[in-house]
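J.: Numbering (my numbering), first residue to last: 206 to 468.
The structure that follows is given in the form of structure tokens.
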């Protein structure tokens, strides 16, 4: 088991450092797309507050559609850019990056599916936690502490398993259902590697929270800068490098059965 963990850690570190190397070479294009996502998100929030009393519902609905299209469209462009860089393709025609309507719709449907799964998991966790009431645990403790924590842990595991579905949509134009099944099949046996990757990516943010809690403001700002300018831009590249590596190793079906690959 120890040797397995050592190998998993080594592979995760290898993926992470290769992604950082790609980020170093192509920082402007990757970080630029992240900046556009940041601007789009904040601009939509600002306009929603500013125009809430000045325009009708029809105008606000149109603006909502525009910003949703821009925000999620840019995410798909970023994923496509990351996949190409992970495959050592540094330059490609502009239209290569533009997602099709089918890809965009299936990406949105995949996100909606994840939200629905979260709701179902929350309800199931609520049912599972109900017997704790008869053991003397307070209802508020169950509602605001135990149930959210249990739901978050389960959803983190699910997120790790389905995190590559956008990559299959962007690269192969598969449906969101097939992409989710493929992501689950690809991550079978790689869960430890991916959890270690997630831990590496989350470490700077956790460090930032720790230094803020300890009131070390200078160190907290330093960790915030690392998180903003290095970790966030590298996330898509880390996933893309892991995705390309698993593509090369995968020997299963490209239309896998869901139940056989869950565990």
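Idealized CB from N, CA, C, for every residue including glycine.
None of the values given here were measured: they were computed from a predicted structure.
Distance, Cα to Cα, residue 330 vs residue 352?
T.: Here the question's residue 330 lines up with position 125 in the chain shown. Here the question's residue 352 lines up with position 147 in the chain shown. Distance between the alpha carbons of residue 330 and residue 352 is about 6 Å.
J.: Would you give the residue range spanned by the alpha helix (DSSP H) that residue 304 belongs to?
T.: Here residue 304 is taken as the residue at index 99 of the chain shown, counted from 1. It is not in any alpha helix (DSSP H) - residue 304 carries neither H nor E in the DSSP assignment.
J.: Cα separation between residue 342 and residue 254?
T.: On the chain shown, residue 342 is found 137 positions in, with the first residue counted as 1. On the chain shown, residue 254 is found 49 positions in, with the first residue counted as 1. So the two alpha carbons sit approximately 41 Å from each other.
J.: Pull up the distance between the alpha-carbon of residue 220 and that of residue 439, whole angstroms please.
T.: Residue mapping note: residue 220 aligns to position 15 of the chain shown, counting from 1. Residue mapping note: residue 439 aligns to position 234 of the chain shown, counting from 1. Cα to Cα, the separation comes out at about 11 Å.
J.: Is residue 294 helix, strand or coil when you go by DSSP?
T.: Position 89 of the chain shown holds residue 294. Note: residue 294 maps to coil in three-state DSSP.
J.: Suppose you measure from the CA of residue 498 to the CA of residue 263; what does that come to, to the nearest Å?
T.: With the chain covering 206 to 468 only, the question about residue 498 has no answer from this structure.
J.: List the whole-angstrom C-beta distance separating residue 243 from residue 315, where the pair is believed to meet the contact cut-off of C-beta under 8 Å.
T.: For the purposes of this step, residue 243 is identified with residue 38 of the chain shown, where counting begins at 1. For the purposes of this step, residue 315 is identified with residue 110 of the chain shown, where counting begins at 1. That pair is no contact at about 22 Å.
J.: Is the segment 445-460 touching the segment 389-406 in the sense that three or more CB pairs, one from each, lie closer than 8 Å?
T.: A contact exists between the segment 389-406 and the segment 445-460.
J.: Would a C-beta distance cut-off of 9 Å place residue 384 and residue 374 closer than the cut-off?
T.: Along the chain shown, one-based indexing puts residue 384 at 179. Along the chain shown, one-based indexing puts residue 374 at 169. Taking 9 Å as the Cβ cut-off, residue 384 and residue 374 qualify as a contacting pair.
J.: Suppose the cutoff is 6 Å on Cβ atoms and the five residues either side in sequence are ignored; what does the same chain contact list for residue 223 look like?
T.: Sequence index remark: in the chain shown, residue 223 carries index 18 (1-based). Within the same chain, residue 223 has close Cβ partners 446.
J.: If residue 245 and residue 276 are in contact, beta carbons under 8 Å, what's the gap, nearest whole angstrom?
T.: Translated into positions along the chain shown, residue 245 becomes position 40. Translated into positions along the chain shown, residue 276 becomes position 71. With a Cβ gap of about 5 Å, residue 245 and residue 276 count as contacting.
J.: For residue 307 and residue 378, which I take to be in contact (beta-carbon distance under 8 Å), what is that distance rounded to the nearest angstrom?
T.: Along the chain shown, read from residue 1 onward, the residue named residue 307 stands at position 102. Along the chain shown, read from residue 1 onward, the residue named residue 378 stands at position 173. Their Cβ separation, rounded to whole angstroms, is 6 Å, which keeps residue 307 and residue 378 in contact under 8 Å.
J.: For residue 370, count neighbouring Cβ atoms within 10 angstroms of its own Cβ and tell me buried if that reaches 16, exposed if not.
T.: Locating residue 370 in the chain shown gives position 165, where the first residue counts as 1. So residue 370 counts as buried.
J.: Going by beta carbon distance, what residues of the same chain come within less than 8 Å of residue 283, once the five residues before and after it are set aside?
T.: By one-based count along the chain shown, residue 283 stands at place 78. Closer than 8 Å at Cβ, skipping near neighbours: 235, 238, 239, 242, 441.
J.: Let me know the secondary structure DSSP gives residue 376 once reduced to three states.
T.: As a position in the chain shown, residue 376 is number 171, starting the count at 1. Reduced to three states, the DSSP call for residue 376 is helix.
J.: Could you tell me the alpha carbon to alpha carbon distance between residue 294 and residue 227, rounded to whole angstroms?
T.: As a working mapping, residue 294 is identified with position 89 in the chain shown. As a working mapping, residue 227 is identified with position 22 in the chain shown. Residue 294 and residue 227: Cα-Cα distance of roughly 11 Å.
J.: Please tell me whether residue 409 and residue 367 are closer than 9 Å, where the distance is taken between their beta carbons.
T.: Against the chain shown, residue 409 aligns to sequence position 204. Against the chain shown, residue 367 aligns to sequence position 162. Cβ atoms of residue 409 and residue 367: not closer than 9 Å.
J.: Given that a residue counts as buried once 16 or more other Cβ atoms are within 10 Å of its Cβ, and exposed if not, what is residue 449?
T.: As a first step, residue 449 is located in the chain shown; it is residue number 244 there, counting from the start. Buried, by the Cβ-count rule.
J.: In this structure, does DSSP put residue 455 in helix, strand or coil?
T.: Against the chain shown, residue 455 aligns to sequence position 250. The answer is coil: DSSP assigns residue 455 none of H, G, I, E or B.
J.: Where does residue 368 sit, in a helix, a strand or coil, going by DSSP?
T.: Mapped onto the chain shown, residue 368 falls at position 163. Residue 368 falls in the coil class under three-state DSSP.
J.: Taking residue 304 and residue 281 to be in contact with their CB atoms under 8 Å, please state how far apart those CB atoms are, rounded to whole angstroms.
T.: On the chain shown, position 99 is the one that residue 304 refers to. On the chain shown, position 76 is the one that residue 281 refers to. Right, their Cβ atoms sit about 4 Å apart.
J.: Taking three-plus beta-carbon pairs below 8 Å as touching, is the segment 317-333 in contact with the segment 346-366?
T.: Touching, yes.
J.: Residue 376 to residue 365, Cα distance in whole Å?
T.: Numbered from 1 along the chain shown, position 171 holds the residue referred to as residue 376. Numbered from 1 along the chain shown, position 160 holds the residue referred to as residue 365. Going by the C-alpha atoms only, they are around 19 Å apart.
J.: Under the three-state reduction of DSSP, which class applies to residue 208: helix, strand or coil?
T.: Here residue 208 corresponds to residue number 3 of the chain shown, with the count starting at 1. In this prediction, residue 208 scores a pLDDT of 47, lower than 50, which makes its location untrustworthy; the coordinate-derived value is nonetheless stated afterwards. Residue 208: helix per DSSP, three-state reduction.
J.: Rounded to a whole number of angstroms, what is the C-alpha to C-alpha distance between residue 462 and residue 419?
T.: If you number the chain shown from 1, residue 462 lands on position 257. If you number the chain shown from 1, residue 419 lands on position 214. The alpha-carbon atoms of residue 462 and residue 419 are separated by roughly 49 Å.
J.: In angstroms with no decimal places, state the Cα-to-Cα distance between residue 231 and residue 428.
T.: Along the chain shown, read from residue 1 onward, the residue named residue 231 stands at position 26. Along the chain shown, read from residue 1 onward, the residue named residue 428 stands at position 223. Looking at the two C-alpha atoms, the distance is approximately 22 Å.
J.: Alpha carbon to alpha carbon, how far is residue 321 from residue 311?
T.: Position 116 of the chain shown, counted from the start, is the residue given in the question as residue 321. Position 106 of the chain shown, counted from the start, is the residue given in the question as residue 311. C-alpha separation (whole angstroms): 15 Å.
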